[in-house]
Every structure is written in C-alpha cells, then in structure tokens.
Amino acid sequence: MKITTPHGTLKGDNIEAILKEHGYDCLHDADLRYADLRGANLHGACLHDADLRYADLRGANLHGACLGHADLSDANLSDADLSYANLSDADLRGADLSGADLRYADLSHADLSDANHVQLSIAKTSILPDEGDIIGWKKAITLDGAPIIVKLLIPADAQRSNATGRKCRASTARVLDLQDKQGNSLPPDTTAYSSYDPDFTYQKGETVHVEDFDTNRWDECAPGIHFFITRIEAVEY
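The sequence shown begins at 17 in our numbering and counts up one residue at a time.
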C-alpha cells in the first residue's frame, strides 16, 4: 500500500503497518481518495485534513480518531466505529453512515448534507424525548466550592438538545431541589453557583433562563443550562 502525504510517500503492507512504522500522526493531510480501508484499525489515528473522498471505510475502527477538517464526502462509512472521533468541520456530504456508531463523536460544524442513512445513526445518539417535561440533574457549587446537586424540571416548551454524548443542554429550567451528594435536601435559602459562570445561580423554586441558548446541537459546550438525565452522572461529573 502507498499513501501520499505532504511529507512524502508512505509504504507498507497495509495502513496498520504504516501507522505502526511512522506513528499515528503520519496521515495528517494524507491523500486517501478511493482507498480500500474496509475493516481497517484506525483507532486513535490522526487523519486531520485528510482527503478521504470515496474511501471505503466499511466496518473500520475509527474510535477516537482525529478527522477534523477531513474530506469524507461520498465515503462509505457503513458500520464504522466513529465513537469518540473528532469530526469537527469534516465534510460528510453524501457519505454513507448506515449503521455507523456516532456515540460521543464531535460533529460540531460538520457538513452532513445529503449524507445517507445519517438520521438513524444520529437518532441512536439522541437521549432526550421529543415531547413533555423531563427531570435533569447538574452539579453546581457553593461559594466555598463544595458540590451541590441541582434537581431541575426542563419544561416541554424549553429548547433542549444533546450532542452525541450524555451531556444535555436546555434554554429554561425550574429548580426543584438543591441537594448534597448523598441526596439530602439543603435548606431552602441555599444558593448554588455555576462552576463556569459564578453570576449564574440556582435557588429552589426559581426558574432560570439562558438568553443566548445555542441551537446548534453538535456544539456540546455552547451556551445553555447543562445537565444530565441521571443523578449519578451529575454526581460523578
């Protein structure tokens, strides 16, 4: 196998052998157009800015791979493991994503237009119901930095989303309770503070709102009230 890169041509029996010999960052900007990479083990490989147009990546292991700004247009990614992969700003137009595992993948600013079978693959990463109120949990802090678990009611009319992981965001939430890590309710006059914005506070019975909620689902760290749908995840966060 021969792969053209900005630093020269890499040769090996297969792509795994090339990665083993030259390192996992050797495929940065590589020309892999039309490459047969069926079932290839590219776990953790750096393919940033790589040209993978029309590449056959069926069943490939791309877990944790860096594919930021990569051109994957019209690539076959059916049944590929893209969990935890960085696909930010990647071009996935016309790519086949049937059966692809996109859990925890970073799809911020990726172009998914005309991608095939992408809706089902994305649906498998959606953990929020489309309708109705939901209970959410988040970790906040006291003024001295002690953890507080905030129990939230996310109303049905609130904007809400999750990317491909377990962390969710909402535009509006009502504070149902403030608890210690063991689940004991704290005094009603307790104030919890966001660990990211100390001016954003939570008090029992109040409704909190984020004016600049970002509707881009794939930007997990965008403005919003961040929460989990299970208490244990908030405790361990």
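The beta carbon of each residue, even a glycine, is placed where N, CA and C say it ideally should be. Here the structure is a predicted model, which is why all the values come from computation and not from measurement.
- With the rule of 3 Cβ pairs closer than 8 Å, the segment 169 to 187 counts as touching the segment 240 to 249.
- At a Cβ-Cβ threshold of 8 Å, residue 171 and residue 196 do not count as neighbours.
- Counting C-beta atoms within 10 angstroms of its own C-beta, residue 162 has fewer than 16 neighbours from the protein chains shown and is therefore classed as exposed.
- Counting only runs of 3 or more residues that sit fully inside the segment 135 to 220, the beta strand (DSSP E) segments are 150 to 157, 163 to 170, 176 to 178, 184 to 186, 188 to 195, 207 to 209, 217 to 219, in chain order.
- Ranked by how close their Cα comes to the Cα of residue 132, the residues 25, 94, 176 have 94 in first place.
- Among the bridge pairs identified by DSSP, residue 52 is matched with 72.
- Residue state for residue 59 is assigned as coil, using DSSP reduced to three classes.
- In chain order, 124 place their CB closer than 6 Å to the CB of residue 235, counting only its own chain and leaving out the 5 sequence neighbours on each side.
- Counting C-beta pairs closer than 8 Å gives three or more between the segment 134 to 146 and the segment 107 to 117, which meets the contact rule.
- In the structure shown, residue 35 falls within a helical segment according to DSSP collapsed to helix, strand and coil.
- Residue environment: residue 107 is assigned as buried (16 or more neighbouring CB atoms within 10 Å of its CB, all protein chains considered).
- The continuous alpha helix (DSSP H) containing residue 248 extends over residues 247 to 252.
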